[in-house]
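Peer 1:
2 protein chains.
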Amino acid sequence: MTTSILEQIDKINRQLTVNGYKLTPQRETTLMVLLENEKDHLSAEEVFMLVRQKYPDIGLATVYRTLELLAELQIVQKMNFGDGVARFDLRMEGHDHMHHHLVCKVCGALEEIQEDWLTDLEQRVAQEYGFRVTDHRLDFMGVYQNCKNNNRPCKRTSKAVS
Amino acid sequence: MTTSILEQIDKINRQLTVNGYKLTPQRETTLMVLLENEKDHLSAEEVFMLVRQKYPDIGLATVYRTLELLAELQIVQKMNFGDGVARFDLRMEGHDHMHHHLVCKVCGALEEIQEDWLTDLEQRVAQEYGFRVTDHRLDFMGVYQNCKNNNRPCKRTSKAVS
DNA sequence: GTCGATGCAAAGGGTTTGCAAGACG
DNA sequence: CGTCTTGCAAACCCTTTGCATCGAC
Numbered sequence: 001m002t003t004s005i006l007e008q009i010d011k012i013n014r015q016l017t018v019n020g021y022k023l024t025p026q027r028e029t030t031l032m033v034l035l036e037n038e039k040d041h042l043s044a045e046e047v048f049m050l051v052r053q054k055y056p057d058i059g060l061a062t063v064y065r066t067l068e069l070l071a072e073l074q075i076v077q078k079m080n081f082g083d084g085v086a087r088f089d090l091r092m093e094g095h096d097h098m099h100h101h102l103v104c105k106v107c108g109a110l111e112e113i114q115e116d117w118l119t120d121l122e123q124r125v126a127q128e129y130g131f132r133v134t135d136h137r138l139d140f141m142g143v144y145q146n147c148k149n150n151n152r153p154c155k156r157t158s159k160a161v162s
Numbered sequence: 001m002t003t004s005i006l007e008q009i010d011k012i013n014r015q016l017t018v019n020g021y022k023l024t025p026q027r028e029t030t031l032m033v034l035l036e037n038e039k040d041h042l043s044a045e046e047v048f049m050l051v052r053q054k055y056p057d058i059g060l061a062t063v064y065r066t067l068e069l070l071a072e073l074q075i076v077q078k079m080n081f082g083d084g085v086a087r088f089d090l091r092m093e094g095h096d097h098m099h100h101h102l103v104c105k106v107c108g109a110l111e112e113i114q115e116d117w118l119t120d121l122e123q124r125v126a127q128e129y130g131f132r133v134t135d136h137r138l139d140f141m142g143v144y145q146n147c148k149n150n151n152r153p154c155k156r157t158s159k160a161v162s
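Quick note, the sequences are listed as chains Y and D, same order. Position 82 of the first sequence, counting from 1, maps to 82 under the UniProt record's numbering, and the rest follow consecutively. Position 37 of the second sequence, counting from 1, maps to 37 under the UniProt record's numbering, and the rest follow consecutively.
1. Return helix, strand or coil for Ile9/Y, following the three-state DSSP convention.
2. Reducing DSSP to helix, strand and coil, say where Tyr55/D ends up.
3. Should Phe140/D be flagged as near chain Y, meaning a C-beta pair shorter than 8 Å?
4. Less than 8 Å separating the beta-carbons of Asp139/Y and His101/Y?
5. Taking Leu34/Y as the reference, which of Leu118/Y, Lys54/Y, Gly84/Y, Phe131/Y has the closest Cα?
6. Measuring straight from C-alpha to C-alpha, what distance separates Arg91/D and Asp40/Y?
7. For chain D, check one thing: does any of its Cβ atoms lie closer than 8 Å to the Cβ of Gly130/Y?
8. If you draw a straight line from the alpha carbon of Leu60/D to that of Arg52/D, how long is it in whole angstroms?
9. Determine the closest residue to Gly130/D out of Val85/Y, Thr62/Y, Glu111/Y, with distance taken between C-alpha atoms.
10. If contact means a Cβ-Cβ distance below 7 Å, which residues of the segment 72-85 of chain Y contact chain D?
11. If we define contact as Cβ-Cβ less than 8 Å, is Asp135/Y a contact residue for chain D?
12. Quick one: grab the DSSP three-state call for Tyr21/Y.
13. Tell me Lys78/D's beta-bridge partners as DSSP assigns them.
14. Can you tell me whether Tyr144/Y is buried or exposed, with buried defined as 16 or more other CB within 10 angstroms of its CB?
15. Measuring CA to CA, which of Met141/D, Gly142/D, Thr119/D is closest to Arg132/D?
16. What in chain D is Cβ-close to Glu122/Y, meaning under 8 Å?
17. In chain D, which residues lie less than 7 Å from Asn146/Y when you measure between Cβ atoms?
18. Select from Phe81/Y, Arg14/Y, Glu36/Y the residue whose C-alpha is nearest the C-alpha of Ser4/Y.
19. Can you pull the chain Y residues whose beta carbon is under 8 Å from the beta carbon of Leu102/D, in chain order?
20. Say whether chain D places a C-beta atom closer than 8 Å to the C-beta of Lys39/Y.
21. Does the beta-carbon distance from Asp89/Y to Gln74/Y come in below 8 Å?
22. Less than 8 Å separating the beta-carbons of Leu42/Y and Ile9/Y?
23. Does any residue of chain Y bring its CB to less than 8 Å from the CB of Val143/D?
24. Is it buried or exposed, Arg14/Y, if we count other Cβ atoms within 10 angstroms and call 16 or more buried?
25. Sort Arg87/D, Lys105/D, Ala109/D by Cα distance to Glu46/D and report the nearest one.
26. Would the C-beta of Gly84/D count as close to the ligand FAD, meaning under 7 Å from any of its heavy atoms?
27. Which one or two residues does DSSP pair with His101/Y in a beta bridge?
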């Protein structure tokens, strides 16, 4: 938010260059889509369809390869909500390690909690289990109390389990 | 622990009957395998191979259908650690809602934490987000401090991401 | 030119489904 | 018989890969 999309693309461009990769038009367009849909947990196919609106000749494989590359460089995070497709999120501005999810079992809405509630537990894991945490995942499944009223966004109906 | 395998199968049998399903030999054998490998997070293929040792004529599709049925009845929990396969856990004796995971990125070991650390956070979710939690998922990714010494079990090497 | 990146189509791997046959009341 | 269940094979879906081509230094 404090940095513009162009600045962010520029920063990622440097990350790519440092690692010996190029920012091709296809990759740039993919990044634009990811930046414009931050926190939307797009699937590869969804990213593909959005990218194709801006760059019609792109191939699905390129999108997959780009997303895999960005995940390797920790620029995007690959996630799995159990609905059979991988989903991808930008990890800009350091809020990589600190968001959790609420998944409504009735309407399928998926909300993000933009806080890190787990620092205490991670210390506990380190002490009690000798395990140094580098990342975590916390999802709550349940129902919005006012879900039937539909005054919460319903992005998709997933068959997600766990 | 306090109940024998046969008692548990009997209990599940009743759950099946109530819902109009039968406990066929194939289903019973699948349940035996799941009970004998509780907390092992078996994949469908792994369950299949273990069941076939006891019941060689079973088909893979039957195992898939059985696991899906058991998941529907909340007898097993379907999980996904991002390695491309669904994994299944018995949910007996009420410890369904209270286990978390440690996933070692080096050796791939997967350990369970048999406590529920999230009751406080679930209250917070209810109050701050109007969201009634029915289930949750908490995984920590990281490294065992003594992992290189291999004195922790290493069940599998997964390409799990998040 | 060289080497990485791309598009296409084919292959891959896990899971689901259609269908005829079987089990059992 | 009727209904649920099974095994097999084919279909399905998402994802990856092989390969010839393209593009930028």
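For glycine and all other residues, C-beta sits at the position ideal for the given N, C-alpha and C. Since the structure is predicted, the reported quantities are computational estimates derived from the model, not experimental observations.
Peer 2: Put simply:
1. helix
2. coil
3. yes
4. Yes. Within cutoff.
5. Lys54/Y
6. 31 Å
7. yes
8. 9 Å
9. Glu111/Y
10. Gln77, Lys78, Met79, Asn80, Gly82
11. yes
12. coil
13. Phe88/D
14. buried
15. Thr119/D
16. Phe140
17. Gly130
18. Glu36/Y
19. Val125, Tyr129, Phe131
20. no
21. The answer is no: Cβ separation not under 8 Å.
22. no
23. yes
24. exposed
25. The option with the nearest alpha carbon to Glu46/D is Arg87/D.
26. No copy of the ligand FAD occurs in the structure displayed, which carries no ligand at all.
27. Secondary-structure assignment with DSSP links His101/Y through a beta bridge to Glu112/Y, Asp139/Y.
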